[in-house]
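Enquirer: Residue numbers (UniProt numbering), protein chains in the order written: chain A, 1 to 500; chain B, 1 to 318.
Every residue, glycine too, gets a C-beta built ideally from N, C-alpha and C.
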Amino acid sequence: MTVPVPLLELKDVHKAYAGVEVLHGVDLTADRGEVIGVVGANGAGKSTLIKILAGAEPMSSGQLRVDGEPVTLANPHDAHQRGIRTVYQELTLAPQLTVTENLLLGRFPRRHGLIDWRAAHEQAGTLLGEIGFGAINPRKIAGRLSVARQQMVEIAKALVVEPRVLVLDEPSAVLAGSDLDALFALVRRLQDRGVLVVYISHRLVEVLDLATQIVVMKDGVIIATTTPANTDEDELIRLMAGRRLEQIYPDRRPGTEKPALSVESLTRKGEFADIDLTVHKGEIVGLFGLVGSGRTELAHCLFGATRPDSGGIAVDGTPRAFKTPQDAIAAGLALVTEDRKGSGIVPGLTVRENIALTTLHATTRAGLVDTTAQRRDVETMIERLDIRPAHCATMPVVRLSGGNQQKAVLAKWLLKQPRVLILDEPTRGVDMATRVSIYRMIDDLARAGVAVLLISSDLTEVLGATDRVLVMREGRIAGGLRSEGATEDQVLAYSIGRAA
Amino acid sequence: MTLTKEAPREIAGRPVTLAHAAIALVVLALAVAAVTTDAFLTQTNLTNLLKQMVTTGLLAYGMLVVILTGGIDLSVGSVVAFAGILTAGLSSGLPLPVAMLVGIASGVLFGLVNGALVSRFELAPFVVTLAALTTIRGLAFVYSDVPIAPEDESFFWLGSAMLGPIPLTTVIMLAVFLAGGVFLSRTPAGRSIVAIGGNAETVRLAGISVRKHVLLAYTISGFCAGLAGVILASRVGIAQPSVGVAFELDAIAACVIGGASLAGGKGSTLATLGGVLVLVLINNLLNLYNVQSFWQQVLKGLIIIAVILVHRASRRRT
Chain A
1 MTVPVPLLEL KDVHKAYAGV EVLHGVDLTA DRGEVIGVVG ANGAGKSTLI KILAGAEPMS
61 SGQLRVDGEP VTLANPHDAH QRGIRTVYQE LTLAPQLTVT ENLLLGRFPR RHGLIDWRAA
121 HEQAGTLLGE IGFGAINPRK IAGRLSVARQ QMVEIAKALV VEPRVLVLDE PSAVLAGSDL
181 DALFALVRRL QDRGVLVVYI SHRLVEVLDL ATQIVVMKDG VIIATTTPAN TDEDELIRLM
241 AGRRLEQIYP DRRPGTEKPA LSVESLTRKG EFADIDLTVH KGEIVGLFGL VGSGRTELAH
301 CLFGATRPDS GGIAVDGTPR AFKTPQDAIA AGLALVTEDR KGSGIVPGLT VRENIALTTL
361 HATTRAGLVD TTAQRRDVET MIERLDIRPA HCATMPVVRL SGGNQQKAVL AKWLLKQPRV
421 LILDEPTRGV DMATRVSIYR MIDDLARAGV AVLLISSDLT EVLGATDRVL VMREGRIAGG
481 LRSEGATEDQ VLAYSIGRAA
Chain B
1 MTLTKEAPRE IAGRPVTLAH AAIALVVLAL AVAAVTTDAF LTQTNLTNLL KQMVTTGLLA
61 YGMLVVILTG GIDLSVGSVV AFAGILTAGL SSGLPLPVAM LVGIASGVLF GLVNGALVSR
121 FELAPFVVTL AALTTIRGLA FVYSDVPIAP EDESFFWLGS AMLGPIPLTT VIMLAVFLAG
181 GVFLSRTPAG RSIVAIGGNA ETVRLAGISV RKHVLLAYTI SGFCAGLAGV ILASRVGIAQ
241 PSVGVAFELD AIAACVIGGA SLAGGKGSTL ATLGGVLVLV LINNLLNLYN VQSFWQQVLK
301 GLIIIAVILV HRASRRRT
């Protein structure tokens with residue numbers, strides 16, 4: 001009799017980039033039908049580990065075994081050959097093509113040498129149905145789907161040929177409601193069929209719920225391996241952060257009665273209608289809504305990135321009609337968008353230049369950018385927001401981890417000293433420790449008199465970090481409640497139209 | 001003086017390698033040429049060389065600004081012809097400086113139109129400037145389908161004046177690069193142009209007008225092409241409606257040799273000047289070695305590919 005060999009084995013895996021080691025010897029053993037939950041703070045090495053499993057980056061030293069056999073994954077194709085599929089956080093779909101084309105690219109059914117479109121759509125539809133994503137129409141253009149649905153198509157793409165190992169990097173970050181349920185059901189079904197799922201998430205509750213084994217990473221090593229039965233959220237947070245976080249959300253002190261941002265029956269056809277809302281000075285108002293409820297569109301309109309069809313916006317009591325984001329910024333508004341890669345950072349530039357972007361025209365001397373002042377301002381922000389590494393000002397912004405990139409985006413707006421700060425999903429894909437510091441910072445700003453509109457699809461956050469919550473559904477405000485004492489069920493009920 | 005996209009002393013890695021690859025090649029070519037032929041280091045040849053690089057140099061700087069936004073300007077060769085022939089034509093009736101300013105202004109105007117079509121109507125830069133290439137070439141022939149050779153001696157002055165050992169036009173070109181380098185690396189508008197090529201949406205939401213800066217980029221390219229056209233006509237002493245065909249390709253090549261990314265957001269002023277030197281030296285040396293002009297084209301193409309491969313390799317390493 002031979003000893004059964006595990007499906008996947010990592011032994012003493014090291015990885016260095018340009019001489020700097022970021023993984024210091026990772027060991028991991030996982031078998032068929034397991035769900036490995038991987039948690040860890042920004043820069044803990046999760047993304048690097050994923051890239052190595054995906055064949056996107058070679059390891060510097062160490063060993064990877066599949067079925068006990070040492071393998072080298074030189075590129076993603078090698079990983080696919082071994083049955084390892086990876087779904088990244090970033091969307092990689094071809095936005096102009098249909099869902100079917102995205103799913104079946106390279107393996108279209110043919111008839112007489114030509115693509116048999118009817119069979120292709122049928123095949124794609126069957127696949128989506130089988131994995132519980134039947135709500136997605138395969139004939140639709142991928143780019144026209146909501147971000148949530150695009151993420152689901154990404155997952156479906158990895159399942160066209162059933163993998164043996166499925167790596168999911170923050171799959172739930174953009175999902176909510178029934179989409180989220182569909183994802184969980186899928187993970188469980190795959191598990192039953194003997195697929196090994198590696199599930200990376202910042203949402204600890206999810207990991208505790210789904211995983212058979214939890215791996216905690218910190219500073220490039222696995223510092224703990226445990227099971228949901230033997231741990232809880234508090235312990236995981238403590239392990240990840242290296243210190244006990246007594247409280248994730250700061251105690252709120254109510255804001256003032258002075259309206260900073262007032263919106264009256266704002267309407268933009270096809271996006272949202274009859275929006276009334278007020279955010280007072282020093283107040284944090286949460287705006288909850290499922291993906292597609294119109295919250296992001298509303299944020300863009302408030303910021304002058306799009307123009308409303310009717311209705312009005314007033315800042316500090318003065319009616320304003322923003323034609324461009326410049327107008328909104330001039331009136332004291334700032335917007336941190338939900339799409340960090342698409343509209344938050346400029347990838348080619350350094351951290352400093354990214355942070356200085358909003359104040360480029362303000363810090364000049366004799367027509368030239370005053371680099372001394374710029375450097376000083378940016379250094380102050382890096383220190384204040386604790387962006388890591390501390391000497392990152394001259395590094396390309398893309399070298400930072402996701403959470404630190406987000407802090408850089410925040411820094412860009414804080415330099416502008418806004419009176420109204422709109423945050424659209426500011427903690428998406430951001431680890432717990434960074435979240436905590438972001439919540440602290442928002443609280444500090446509110447205490448200093450800034451009005452904050454916090455858009456989020458995270459129920460805990462939208463209740464925990466705010467004074468009041470407004471719920472959007474199908475482009476309208478479906479309800480509002482005070483955060484204190486409100487329950488997640490109440491908020492959810494408004495968002496799906498079941499409130500009493 | 002730092003003329004690169006990001007100040008080299010701040011990022012030891014990338015921008016320095018960009019510039020260095022191009023410049024190393026120039027130095028190598030210079031060394032080979034100087035050692036192996038007597039003809040290279042003569043006063044006449046060097047002066048010629050300095051004059052020859054002016055047109056490509058001016059066009060390349062304008063092209064770089066446009067490429068940084070993620071665009072392209074294919075119309076510059078036609079603008080060279082139009083600005084030259086307009087200046088020559090007007091010089092018979094107007095004072096020469098006025099004629100020259102009008103010639104340059106015509107380039108600015110074409111740049112404005114290109115920029116407006118790209119930024120205002122969101123048309124693809126390739127298509128807009130391709131249309132401009134043929135339209136402006138046509139306009140040059142409409143203005144005069146025969147070459148115009150002004151008889152007034154002063155017409156040649158700009159193209160032949162020397163400042164000590166250096167042609168005046170070379171000094172003008174270097175001044176454009178110096179001012180242009182400062183513009184791109186130190187002014188808010190220049191930094192905005194670089195950022196737009198990196199991510200236009202981020203820049204727009206940061207409260208910076210993308211349209212205005214894209215318009216500015218094409219206008220700068222038009223200005224450079226107009227200036228190049230006036231200088232070329234003065235140097236040759238005759239303005240031809242057919243001059244400047246495929247000049248845009250040399251300008252693009254110079255930017256690319258200098259490490260600029262055609263996707264935008266990445267490129268350096270100093271390295272582009274290096275790219276110009278590389279191109280001009282290739283032509284000059286191959287002429288001195290009496291290499292047939294068809295083979296010159298082949299070699300130029302191969303060298304461009306080689307330089308880009310060097311860039312790629314140096315980027316991989318970092």
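For E248(B), would you say it is in contact with chain A, using Cβ-to-Cβ distances shorter than 8 Å as the test?
Expert: No, E248(B) lies away from the interface with chain A (no Cβ there is under 8 Å from its Cβ).
Enquirer: Can a CB atom of chain A be found closer than 8 Å to the CB of V245(B)?
Expert: False, the Cβ-Cβ gap to chain A never drops below 8 Å.
Enquirer: Consult DSSP for V230(B) and reduce its assignment to one of helix, strand or coil.
Expert: It is helical.
Enquirer: Please state if the CB of H202(A) and the CB of M441(A) are separated by a distance shorter than 8 Å.
Expert: Result no, Cβ atoms of M441(A) and H202(A) do not sit closer than 8 Å.
Enquirer: Assuming contact is defined by CB atoms lying nearer than 8 Å, are L333(A) and I438(A) in contact in what I supplied?
Expert: Against a cut-off of 8 Å, the Cβ pair of I438(A) and L333(A) comes out as no contact.
Enquirer: Can you give me the C-alpha to C-alpha distance between R65(A) and L492(A), rounded to a whole angstrom?
Expert: Looking at the two C-alpha atoms, the distance is approximately 44 Å.
Enquirer: Between E122(B) and chain A, is any beta-carbon pair separated by less than 8 Å?
Expert: It does not: the Cβ of E122(B) has no partner Cβ on chain A nearer than 8 Å.
Enquirer: Does I329(A) have its Cβ less than 8 Å from a Cβ in chain B?
Expert: For I329(A), the answer is yes, since a Cβ of chain B falls inside 8 Å of its Cβ.
Enquirer: Should M162(B) be labelled buried (16 or more other beta-carbon atoms within 10 Å of its own) or exposed?
Expert: Exposed, because fewer than 16 other Cβ atoms sit within 10 Å of the Cβ of M162(B).
Enquirer: How is S343(A) classed by DSSP in three states: helix, strand or coil?
Expert: Note: S343(A) maps to helix in three-state DSSP.
Enquirer: If the cut is a Cβ gap below 8 Å, which residues of chain B does H77(A) touch?
Expert: Going along chain B, no residue has its Cβ under 8 Å from H77(A), so there is no contact; the nearest lies around 20 Å.
Enquirer: Candidates T359(A), I237(A), A362(A) and W413(A): which alpha carbon is nearest L385(A)'s?
Expert: Per the Cα distances, W413(A).
Enquirer: Quick one: give me the first and last residue of the beta strand (DSSP E) that G286(A) is part of.
Expert: I284 to F288 is the span of the beta strand (DSSP E), which, as asked, contains G286(A).
Enquirer: Between the region 76-91 of chain B and the region 135-154 of chain B, do at least 3 Cβ pairs fall closer than 8 Å?
Expert: Because the criterion of three Cβ pairs below 8 Å is met, the region 76-91 of chain B and the region 135-154 of chain B touch.
Enquirer: Buried or exposed: which applies to N75(A), given that a residue is buried once 16 or more other Cβ atoms fall within 10 Å of its Cβ?
Expert: Its Cβ having fewer than 16 others within 10 Å, N75(A) is exposed.
Enquirer: So what does DSSP say about R137(B), is it helix, strand or coil?
Expert: In this structure, R137(B) counts as helix in the three-state DSSP scheme.
Enquirer: Listed from N- to C-terminal order along the chain, which residues in the region 362-390 of chain A have their beta-carbon within a distance smaller than 9 Å of any beta-carbon of chain B?
Expert: Cβ contacts with chain B: A362, T363, T364, G367, L368, V369 and T371.
Enquirer: Given this structure, state the Cα-to-Cα distance separating E484(A) from R144(A), to the nearest angstrom.
Expert: Straight-line Cα distance between these residues: approximately 37 Å.
Enquirer: Which chain B residues sit within Cβ distance under 7 Å of Q326(A)?
Expert: The answer, in chain order, is G207 and S209.
Enquirer: Give me, in chain order, the residues of the same chain whose beta-carbon lies closer than 7 Å to that of V194(B); leave out the 5 immediate sequence neighbours on both sides.
Expert: Excluding positions up to five away in sequence, the list reads K5, L68, L184 and G265.
Enquirer: Can you list, in chain order, the residues of its chain whose CB lies under 6 Å from that of G177(A), leaving out five sequence neighbours each side?
Expert: Only L290 meet the Cβ criterion.
Enquirer: Looking at the structure shown, is A44(A) part of a helix, part of a strand, or coil, going by DSSP?
Expert: In this structure, A44(A) counts as coil in the three-state DSSP scheme.
Enquirer: Considering only the beta carbon of each residue, do V79(B) and I72(B) sit closer than 8 Å?
Expert: Their beta carbons are not under 8 Å apart, which means V79(B) does not touch I72(B) by this criterion.
Enquirer: Give me the chain B residues within the contact set of T92(A), using Cβ-Cβ distance strictly less than 9 Å, ordered along the chain.
Expert: The contacting residues do not exist; T92(A) stays about 18 Å from chain B at best.
Enquirer: Across the region 120-136 of chain A and the region 72-89 of chain A, are there enough close Cβ pairs to call them in contact, namely three or more that are closer than 8 Å?
Expert: Cβ pair count under 8 Å is below three, so no.
Enquirer: What residues in its chain sit with their C-beta under 6 Å from that of D169(A), if we drop five residues either side in the sequence?
Expert: Closer than 6 Å at the Cβ level, and outside the excluded window around D169(A), lie I50, Y88, Q89 and I200.
Enquirer: Spatial neighbours of C392(A) within its chain, please: C-beta separation below 7 Å, excluding the five flanking residues on both sides.
Expert: The answer, listed in chain order, is V351, I382 and L400.
Enquirer: At the level of alpha carbons, what is the spacing between V276(B) and L25(B)?
Expert: The straight-line gap from Cα to Cα measures roughly 11 Å.
Enquirer: Kindly confirm or deny that the region 224-232 of chain B and the region 102-117 of chain B touch, where touching means at least three C-beta pairs closer than 8 Å.
Expert: Yes, since at least three Cβ pairs between the region 224-232 of chain B and the region 102-117 of chain B fall closer than 8 Å, the two stretches touch.
Enquirer: Helix, strand or coil for K179(A) per DSSP?
Expert: This sequence places Asp at residue 179(A); Lys is not what is there. DSSP places D179(A) in helix when its eight states are reduced to three.
Enquirer: Pick out whichever of Q406(A), R473(A) and L445(A) has its Cα sitting closest to the Cα of A465(A).
Expert: Minimum Cα distance to A465(A) is reached at L445(A).
Enquirer: Shorter than 8 Å from the beta carbon of V65(B) to some beta carbon of chain A?
Expert: Cβ-Cβ to chain A under 8 Å: no for V65(B).
Enquirer: Once you ignore the five residues that flank D274(A) on each side, which residues in its own chain have a CB closer than 7 Å to its CB?
Expert: If we look at D274(A) and ignore the five residues flanking it on each side, its Cβ neighbours are S265, T267 and R476.
Enquirer: Could you have a look at I275(A) and say whether DSSP puts it in helix, strand or coil?
Expert: Here I275(A) sits in strand by DSSP.
Enquirer: Name, please, each residue of chain A whose Cβ falls closer than 9 Å to the Cβ of S192(B).
Expert: Within 9 Å Cβ-Cβ: L357, L360 and H361.
Enquirer: Are the C-beta of E425(A) and some C-beta of chain B separated by less than 8 Å?
Expert: With 8 Å as the cut-off, E425(A) does not count as an interface residue toward chain B.
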